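Asker: Just passing along the structure, written as C-alpha cells.
There are 2 protein chains.
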Amino acid sequence: MPLIVQKYGGTSVGDAEQIKRVAERVVATQAAGNKVCVVVSAMGHTTDALVELASQISAVPDSREMDMLLTAGERISMALLSMAINELGGRAISFTGSQAGIVTDTSHGRAKIIEVKADRVREALAEDRIAIVAGFQGVSTAFDVTTLGRGGSDASAVALAAALDADACEIWTDVEGVFTADPQVVPEARKLHAVSYEEMLEMAAGGAGVLMLRSVEYARNYGVKLHVRSTFTGAEGTWITEEDERMEQAIISGIAHDVSEAKVTVKGVPDHPGVASRVFRPLADEGVNIDMIVQNVSDDGKTDISFTLPKADLPRALPVLEQIRGNIGAEEIRTDDEIAKVSLVGAGMKSHPGVAADMFDALAGANINIEIISTSSIRVSCVIRAFEVERAVKVIHDRFQLSTEVIFRESHPETLTPKLKVVRAEDDR
Amino acid sequence: MPLIVQKYGGTSVGDAEQIKRVAERVVATQAAGNKVCVVVSAMGHTTDALVELASQISAVPDSREMDMLLTAGERISMALLSMAINELGGRAISFTGSQAGIVTDTSHGRAKIIEVKADRVREALAEDRIAIVAGFQGVSTAFDVTTLGRGGSDASAVALAAALDADACEIWTDVEGVFTADPQVVPEARKLHAVSYEEMLEMAAGGAGVLMLRSVEYARNYGVKLHVRSTFTGAEGTWITEEDERMEQAIISGIAHDVSEAKVTVKGVPDHPGVASRVFRPLADEGVNIDMIVQNVSDDGKTDISFTLPKADLPRALPVLEQIRGNIGAEEIRTDDEIAKVSLVGAGMKSHPGVAADMFDALAGANINIEIISTSSIRVSCVIRAFEVERAVKVIHDRFQLSTEVIFRESHPETLTPKLKVVRAEDDR
C-alpha cells in the first residue's frame, strides 16, 4: 500500500474549521488506499503570539526555554487534528517530535535533524492508524526539546518521508504550486507541473518562498518526491523530483526574486592574497550568511569587494566589518539595503549560451541598471535597485515567454521552454 | 541547604507581569538560602481556551489527544517563568512532566502518579539551578502524555516534594490560607495557622476548594509539610502537617460547605441482605463517586436508601439507577440537585461529645431543616436545602465562636477552640 506523508502549514490549520477540512482531506487520502502520516505546523498565529509573550518577559530569551515555549504550538494543532480525524471515524494518533523519534543536535532554535527513528510512527501505520506528527520540533541528543528553525516543518516532513520510505511527500500550503514567477508580480505566470531538485534549490536560494533550501536539499539527498499543492483548491500542484524527460526539455524554468538582502561594499581593499579570507572568515564565524560575492578588477593595487547578506544579519555583521576594515587597511564600508536580486533559473541553460545575455538585454531594454552579476550553471542572478524589482521580473518573464509552455526544439534554441517560479508562501516554520 | 517546592496556580501566572512577580519570589527564595523546585500550572485561562477549541472540533474528544492538547498549557507557562527567572539573573531550567520523571498510569485525563524519578530535577538542583516543572502532567507507562485531572498541579508538587525529600511544599494561590469558614460567606472567618492532615482531608471532602483531597492524602502518606499561602500578599499562610501541640488544643477547626452535590433517593427497596451492594456496585463500576449514604429504618419490609454524588456524575448515574431499580424491585428513584452539605470539622471532637448536638441545635435555632446526617470521628455533615447554606455556615460559625482563637481548657469543654475553614480557591488544575 502506498505511503504518503502530508505536511500542512500554519495557514492550513488556522482555526477549527480549517482543521476539520484538513481532517477530511487526510481521511480521504487514506480511504483512497494509502497509509498516511501527517506533519502539522502550529496554528496560524500561535507562534507569533508565543513570541510576543516571551518578548514581554525577556529581550533575549534563553534559547532552550524558547524552544520549550514554541513547541506548545504544534502540540495544540496536532491534538486538534487528531480529534478532528477521529470525529470523522478515522483512527489518528499524534506524536511529538520526540515521540516520533526526530533526533536533532543541540542547537536550540535552529537544530539539525541527525536521525529519524520513527518506530512509533511505523507501528501506528502498521495498525492502519493515521500518524500525526508535530512539525518543526525534535528532541536533542541531550534529551531537550529543540526546534528546527525556518522551514522546520517541511524539513520534518521530508525527513519522515525519507525514514519511512514514503512514496511521496505532499507539502499542502496556501499557494497552488511553483510558478514561472510570483503571480502577484506577473499575473500571467504559469504553474509548473514539475521541476528538478537542482532547479528548486536555485529558486529557493533566489528567494522563492514556497520551499526552504534545506528541505529541498534533504529531499534530493534521500530521493524524496515532493509535491507542493494548495490546501484551498486541492488541485494537483508542482512535483519536485529527479529530472525527467519532461524537464529535460526546459531551458528556463522560472524567475525568483528576493528583496530580503542588503549589499555591503568594502572599498579600497589592498589587493593581495588572503584578503578575501580575512574578510569572510570572521563573518562566517559570526554566523552571517553571505550570498553573492563579487570582487572588482584591481586598480592601482586596491580593489573593492561587494557581497550580499540577509538584512537581518546586518546588525551582527557591521561591528565585525568595522574591525575587518581596520585589520586589512580598507578605506570604507558601505551598506545598502535598498537592493533586490532577480534570478533566472533553468536546468537547460548550461547547454544554451546566450541566456544570460538575453536577460541582461531585457533589463537594459527596461532601463534597469545591473549592480552585481553572479551565475551558476543553471542560474543567472542580478542585483538591481529594489524599487525596480517587479518591473524587472515582468520584462524577463516576457522576454523568455514563460507564460506559455513551449516545447523546446533542439534545432531552435531560441525557442525557450518556460518552467518554474515560486510565490511567497505562508509561514515557513 | 533546605529544599523548598513551590507550586504556583494558574491565577498566579495569569500574564507576563504576574509571571515576572512569581520569578522575583522564586529568586528571593533561593537567595534566602534554599534550593528551589517550582511546579507551575497553565496560565489563567489557557486551559479553558484549549478546551473550547477542542469542543469546536469534537463533542467527545479522544482522551489521549485531549491530554496532548492541554499539556501545551504548562509548557507555555513554565518556559516563560524560566525566562523571567533568567532575566533576573537566576539560572532556571524547565522540565515537562515526562522530563521530570513523573510516571503515571494510562488513565488519560485523570492519571494517577505511580512513580517520581526526578533525576533531571535533582541534577539541576545539585547545580544550584532553579528547576521549573510542569504541573498537572506526566508520562504514562505506555510513554504517552497524561494529565492528572482536578488538583493535578498540587498533586505534582506534593509528589515531587516527597521524591526530593523537600523541607516544605508551598502552595502559592489566590487565597491567604485555610479559614474557619469561607470568608465570602463569613466575613469574620479567621485564617488558621496550622491544621492537621486529617482535618484538612475532612475539610476537602466537605467541599473546601483550597486543596484537593488527593494532594492532602499524598502529603500525609509521605509526611510532606504543606504551606498554603497567597501569591498576592506573600504573607505566612496555613501549614498542613502532622498534629502538633498547638493543634491538639482544638476541638473545632472549621466549617466546610459544598453545593456541588446532588441527592438521590431509592424508595421502597426490599429490605434484605445484599441490597446495598446491588445498588452501589454498579454505580462504582460506572465510576460514579458516592459521598454520603444513609439507609432509613426498615418499615414493613421496605426501606429507602439516600445518597449524595457530584452533580456532574448524575447523567452517568441515572441510566444505571433505572436498571438497578428494576433489578431490585424498588419503587422509585428520586433525584434532587438543590441540596447543600455543611460540615463541621475538628480533630478534638472525638473526645468531646455534644459537638454534633450543638451543631443541630444551631441549625434548628435558624429554622433550617436537616435532611441527611453523616459523621466521622472528626466531622459532622448535614445535608440541607441549597438556598439555606450561607445562613447555615454563619450560624454554626457563631455558635462555635470560630472567629476568635480560644485556648481550650480541659475542665471547660464548652469553650471551643476554633480552627480551620477554607475558601474556594482558583483553578485547582
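Protein chains in written order, with our numbering: chain A, 2 to 430; chain B, 2 to 430.
Virtual Cβ for every residue (Gly too), placed ideally from N, Cα, C.
All figures in this text were calculated on a predicted structure; none of them were measured in a lab.
Within 7 Å: the Cβ of A:Gly224 and any heavy atom of the ligand MG?
Answerer: Ligands displayed in this structure: none; no statement on the ligand MG is therefore possible.
Asker: A:Ala93 bridges to which residues according to DSSP?
Answerer: Sequence index remark: in the first sequence, residue 93 of chain A carries index 92 (1-based). A:Ile131, per the DSSP bridge assignment.
Asker: Enumerate, from N- to C-terminal direction, the unbroken alpha helix (DSSP H) stretches of 4 or more residues contained entirely within the stretch 196-244 of chain A.
Answerer: 198-206 and 214-223
Asker: Do B:Met67 and B:Gly110 have their C-beta atoms within less than 8 Å of each other?
Answerer: Taking the second sequence and counting its residues from 1, the one referred to as residue 67 of chain B is at position 66. Taking the second sequence and counting its residues from 1, the one referred to as residue 110 of chain B is at position 109. Cβ distance < 8 Å, so B:Met67 and B:Gly110 count as in contact.
Asker: Taking Cβ to Cβ, would you say A:Ser42 is nearer than 8 Å to A:Gly150?
Answerer: Within the first sequence, residue 42 of chain A is the residue found at index 41, counting from 1. Within the first sequence, residue 150 of chain A is the residue found at index 149, counting from 1. Annotated as distal: A:Ser42 and A:Gly150, with beta-carbon spacing of 8 Å or more.
Asker: Return helix, strand or coil for A:Met248, following the three-state DSSP convention.
Answerer: By 1-based counting over the first sequence, the position of residue 248 of chain A is 247. Since pLDDT at A:Met248 reaches only 49, below the 50 mark, its modelled position is unreliable, and the value read off the structure follows with that caveat. Three-state result, A:Met248: helix.
Asker: Cβ of A:Gln31 within 8 Å of Cβ of A:Glu171?
Answerer: Against the first sequence, residue 31 of chain A aligns to sequence position 30. Against the first sequence, residue 171 of chain A aligns to sequence position 170. Result no, Cβ atoms of A:Gln31 and A:Glu171 do not sit closer than 8 Å.
Asker: Give the range of the beta strand (DSSP E) segment to which A:Gly74 is assigned.
Answerer: On the first sequence, residue 74 of chain A is found 73 positions in, with the first residue counted as 1. Element bounds for A:Gly74: not the beta strand (DSSP E) but the alpha helix (DSSP H), Ala73 to Glu88.
Asker: Count Cβ pairs between the stretch 317-335 of chain B and the stretch 275-283 of chain B that sit closer than 8 Å; are there 3 or more?
Answerer: Because the criterion of three Cβ pairs below 8 Å is met, the stretch 317-335 of chain B and the stretch 275-283 of chain B touch.
Asker: Listing by chain order, which chain A residues have their CB less than 9 Å from the CB of B:Ser307?
Answerer: Here residue 307 of chain B corresponds to residue number 306 of the second sequence, with the count starting at 1. Neighbours of B:Ser307 on chain A: none; closest Cβ ~39 Å, over 9 Å.
Asker: Please classify B:Asp259: does DSSP put it in a helix, a strand, or coil?
Answerer: In the second sequence, residue 259 of chain B corresponds to position 258, counting from 1. B:Asp259: strand per DSSP, three-state reduction.
Asker: Is it buried or exposed for A:Arg36, if we count other Cβ within 10 angstroms and need 16 for buried?
Answerer: As a position in the first sequence, residue 36 of chain A is number 35, starting the count at 1. According to the sequence displayed, residue 36 of chain A carries Lys and not Arg. Looking at its Cβ environment, which holds 16 or more other Cβ atoms inside 10 Å, A:Lys36 is buried.
Asker: Measure the alpha-carbon distance for A:Pro62 versus B:Leu82 and round it to whole angstroms.
Answerer: For the purposes of this step, residue 62 of chain A is taken as the residue at position 61 of the first sequence. For the purposes of this step, residue 82 of chain B is taken as the residue at position 81 of the second sequence. Using only the alpha carbons, I get a separation of about 11 Å.
Asker: With a Cβ-Cβ cutoff of 8 Å, do B:Ile241 and B:Gly349 count as a contact?
Answerer: In the second sequence, counting from the first residue as 1, residue 241 of chain B sits at position 240. In the second sequence, counting from the first residue as 1, residue 349 of chain B sits at position 348. Going by C-beta atoms, B:Ile241 is not nearer than 8 Å to B:Gly349.
Asker: For B:Arg380, which of helix, strand or coil comes out of DSSP?
Answerer: For this step, residue 380 of chain B is matched to residue 379 along the second sequence. Strand at B:Arg380.
Asker: Is the Cβ-Cβ distance between B:Arg230 and B:Gly302 less than 8 Å?
Answerer: By 1-based counting over the second sequence, the position of residue 230 of chain B is 229. By 1-based counting over the second sequence, the position of residue 302 of chain B is 301. Result no, Cβ atoms of B:Arg230 and B:Gly302 do not sit closer than 8 Å.
Asker: Have a look at A:Ala285, A:Val267, A:Leu364 and A:Pro354 and flag the residue whose alpha-carbon is nearest the alpha-carbon of A:Ile329.
Answerer: For the purposes of this step, residue 329 of chain A is taken as residue 328 along the first sequence, with counting starting at 1. The shortest C-alpha separation from A:Ile329 is found at A:Val267.
Asker: How should B:Glu200 be labelled, buried or exposed, when 16 other C-beta atoms within 10 angstroms of its C-beta is the threshold for buried?
Answerer: For the purposes of this step, residue 200 of chain B is taken as residue 199 along the second sequence, with counting starting at 1. Classification of B:Glu200: buried, given that the 10 Å Cβ count is 16 or more.
Asker: Three or more C-beta pairs closer than 8 Å, one from the stretch 153-164 of chain A and one from the stretch 115-125 of chain A: is that the case here?
Answerer: These segments touch.
Asker: Between A:Ile77 and chain B, is the shortest Cβ-Cβ distance under 8 Å, so that the two count as touching?
Answerer: Along the first sequence, one-based indexing puts residue 77 of chain A at 76. The Cβ of A:Ile77 sits closer than 8 Å to at least one Cβ of chain B.
Asker: Where does B:Gln19 land, buried or exposed, given buried means 16+ other C-beta within 10 angstroms?
Answerer: Position 18 of the second sequence, counting from 1, holds the residue named residue 19 of chain B. That one is buried.
Asker: CB A:Ala313 to CB A:Leu284, shorter than 8 Å?
Answerer: Residue numbering aside, residue 313 of chain A sits at position 312 when the first sequence is read from its first letter. Residue numbering aside, residue 284 of chain A sits at position 283 when the first sequence is read from its first letter. Contact: no.
Asker: Taking 8 Å as the cut-off, decide whether the C-beta atoms of A:Ser64 and A:Thr105 are in contact.
Answerer: Locating residue 64 of chain A in the first sequence gives position 63, counting from the first residue. Locating residue 105 of chain A in the first sequence gives position 104, counting from the first residue. Contact: no.
Asker: Considering only the beta carbon of each residue, do B:Ile340 and B:Glu262 sit closer than 8 Å?
Answerer: The count along the second sequence starts at 1 and reaches residue 340 of chain B at position 339. The count along the second sequence starts at 1 and reaches residue 262 of chain B at position 261. Cβ atoms of B:Ile340 and B:Glu262: closer than 8 Å.
Asker: Which of the three DSSP states, helix, strand or coil, is assigned to A:Glu411?
Answerer: To locate residue 411 of chain A, count along the first sequence from 1; it is residue 410. Since pLDDT at A:Glu411 reaches only 41, below the 50 mark, its modelled position is unreliable, and the value read off the structure follows with that caveat. If DSSP states are grouped into helix, strand and coil, A:Glu411 belongs with coil.
Asker: Find the nearest neighbour of A:Met2 within the set A:Ser13, A:Leu89 and A:Ala169, judged by alpha-carbon distance.
Answerer: In the first sequence, the residue the question calls residue 2 of chain A occupies position 1. The shortest C-alpha separation from A:Met2 is found at A:Ala169.
Asker: B:Glu53 lies in the alpha helix (DSSP H); which residues open and close that run?
Answerer: Locating residue 53 of chain B in the second sequence gives position 52, where the first residue counts as 1. For B:Glu53, the enclosing alpha helix (DSSP H) covers residues Thr47 to Ile58.
Asker: Please report whether the beta-carbon of A:Lys21 lies at a distance below 8 Å from any beta-carbon of chain B.
Answerer: Numbered from its first residue, the first sequence carries residue 21 of chain A at position 20. Residue contact check for A:Lys21 against chain B: a CB pair falls below 8 Å.
Asker: Secondary structure at B:Ser141, three-state DSSP: helix, strand or coil?
Answerer: As a position in the second sequence, residue 141 of chain B is number 140, starting the count at 1. The answer is strand: DSSP assigns B:Ser141 an E or B state.
Asker: Who are the neighbours of B:Pro62 on chain A, taking C-beta pairs under 7 Å?
Answerer: Here residue 62 of chain B refers to the residue found at position 61 when the second sequence is read from its first residue. Chain A residues near B:Pro62: Met84.
Asker: Can you check whether the CB of A:Ala101 is closer than 8 Å to the CB of A:Thr148?
Answerer: The residue given as residue 148 of chain A occupies position 147 in the first sequence. The residue given as residue 101 of chain A occupies position 100 in the first sequence. Not a contact, by the Cβ cut-off of 8 Å.
Asker: Whose C-beta lies closer than 6 Å to the C-beta of B:Leu89 among residues of the same chain, with five residues either side of it excluded?
Answerer: For the purposes of this step, residue 89 of chain B is identified with residue 88 of the second sequence, where counting begins at 1. Cβ within range, chain order: Ala24 and Val28.
Asker: What number of angstroms, rounded off, separates the C-alpha of B:Thr97 from the C-alpha of B:Gln138?
Answerer: Position 96 of the second sequence holds residue 97 of chain B. Position 137 of the second sequence holds residue 138 of chain B. Cα to Cα, B:Thr97 sits roughly 8 Å from B:Gln138.
Asker: So with Cβ pairs under 8 Å, would you call A:Leu149 a contact of chain B?
Answerer: If you number the first sequence from 1, residue 149 of chain A lands on position 148. Answer no: the Cβ-Cβ gap between A:Leu149 and chain B never drops below 8 Å.
Asker: Which one of A:Ser95, A:Ala73 and A:Asn87 has the shortest CA to CA distance from A:Ala80?
Answerer: As a position in the first sequence, residue 80 of chain A is number 79, starting the count at 1. Ranking A:Ser95, A:Ala73 and A:Asn87 by CA distance to the CA of A:Ala80 puts A:Ser95 first.
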